[in-house]
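Residue numbers (the working numbering): 154 to 233.
Step one of this worksheet: look at the structure below.
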């Protein structure tokens, strides 16, 4: 019985300590990763949408969502 409690508490602590909030709140989160390109680190999140209409809605809302998180220096928007 003690082993079950220990495993459950360990799992809870692991999930709490390794949780990262997602930047993109639009769509269904798929996965995230860090990529290094020419000594610059980029954080990439991949999300999925239920259909094409939701994807188009998400494309147009992603720039304002990112602008609300920090100051954006330049935002050339070309969707098509």
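Note that beta-carbon positions come from the ideal geometry of N, C-alpha and C, so glycine has one too.
Under 7 Å between C-beta atoms of residue i and residue j
i           : j           : result
residue 197 : residue 190 : no
Cβ distance (whole Å) where residue i is taken to contact residue j below 8 Å
i           : j           : result
residue 215 : residue 177 : 7 Å
### Task
Kindly confirm or deny that the region 198 to 209 and the region 173 to 184 touch, where touching means at least three C-beta pairs closer than 8 Å.
Because the criterion of three Cβ pairs below 8 Å is met, the region 198 to 209 and the region 173 to 184 touch.
### Task
Mind listing, in chain order, the continuous alpha helix (DSSP H) runs of no fewer than 4 residues lying wholly within the region 154 to 179?
Listed in chain order, the complete alpha helix (DSSP H) runs (minimum 4 residues) inside the region 154 to 179 are 155 to 170.
### Entirely enclosed beta strand (DSSP E) segments - the region 179 to 217, minimum 3 residues
Segments of the beta strand (DSSP E) lying fully in the region 179 to 217: 181 to 190 and 193 to 201.
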